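In our numbering, each number is its position in the sequence shown, counted from 1, plus 1.
Every residue, glycine too, gets a C-beta built ideally from N, C-alpha and C.
Quick caveat, the model's predicted, so the values are computed rather than measured.
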Amino acid sequence: MIEELLKIKIWTAPEITKFFKSLEDLFDEEKCVIVSDVTKELLKRGEKDNVSAAEVILVYATQHYFNVDDNNYKSLVYYRLGQLYEHHRENFVKAYTYYNKYTLNNTNNGNNHSTLLRALILRDNFTYSDELEKEFRQSLGEIDLGLKSDRLYENIGRLIIARKEGKDDEVAQITKRLKGIVKTEFLVFPDLITRKDTIRDTLDVPMKVIRFVETL
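Written out as structure tokens, the structure reads:
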């Protein structure tokens, strides 16, 4: 039934009801995986109704599908909620809240500190805090793909800390680096179609991040 539902381009109340009905006989672990996968697709489509449908499904999952022994299943749902509020609602307080819940339940993926660094940068509007510095320092030990978005947030973290420490030369170097990352995004170069582990290497950040870099 889910495959048939996904053929419907726009989801509203009838599709949501049928989706919940299709999950009734499954274990909560399975429900969490399916919820994560389906809402990922709805968010990718991006229409207002699809985003709203994804929000309803995800919030419902946190209330009814969390009777699981492995908390990593919860983390799938929390991460998707973080993405929804970061990229589609631009409610960065809620995004941080759900990303934080993600990290508290996630033991499968080693990106907890870089995720919280990004969420703090957005929530606190590029201002310094001891919490931000802690997450930045700890994120340096995590493995990532070195994609543009990862490098952008890492360097914004460096910039915020360098400003706090009054390191003007370092601020200038990091600013140049940040502008270079953003500039290449809007130029037609081969690296725009470079793929790392089949992931396209393009910036995936809220517009306020681009504006911040452009005004440095």
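Query	Result
Report the rounded CA-to-CA distance for N68 versus L121, giving the unit in angstroms.	29 Å
Give me the residue from C33, A55, V36, E166 with the minimum Cα distance to L43.	A55
By a C-beta neighbour count over all protein chains shown, 10 Å radius and 16 as the cutoff for buried, is V189 buried or exposed?	In this prediction, V189 scores a pLDDT of 47, lower than 50, which makes its location untrustworthy; the coordinate-derived value is nonetheless stated afterwards. Exposed: under 16 other Cβ atoms inside 10 Å.
Could you give the residue range of the alpha helix (DSSP H) that holds G181?	169-186
According to the neighbour-count rule (16 or more other Cβ atoms, all chains shown, within 10 Å of its Cβ), is G167 buried or exposed?	exposed
Tell me the residue span of the alpha helix (DSSP H) that contains R46.	29-46
Could you check if L141 is buried or exposed, using at least 16 other CB atoms within 10 Å of its CB as the buried criterion?	exposed
Taking DSSP as the reference, what is the three-state secondary structure of V6?	The residue you asked about is not Val; residue 6 is Leu in the sequence shown. Here L6 sits in helix by DSSP.
Whole-angstrom Cβ separation of L220 and L179, contact assumed at under 8 Å?	Because the chain spans 2 through 217 in this model, residue 220 falls outside it and cannot be assessed.
Contact between the stretch 111-119 and the stretch 90-103: three or more CB pairs below 8 Å?	yes
Quick check on DSSP: helix, strand or coil for G151?	Residue identity differs from the one stated: residue 151 is Asp in this sequence, not Gly. Of the three classes helix, strand and coil, the one that applies to D151 here is helix, per DSSP.
If C33 and V78 are in contact, beta carbons under 8 Å, what's the gap, nearest whole angstrom?	6 Å
For I165 and K135, what's the separation of their Cα atoms in angstroms?	A quick correction: the sequence has Lys, not Ile, at residue 165. Rounded to whole angstroms, K165 to K135 spans 14 Å at the Cα level.
For G111, which residues in the same chain have their Cβ closer than 8 Å to its Cβ, ignoring the five residues on either side in sequence?	E143, I144
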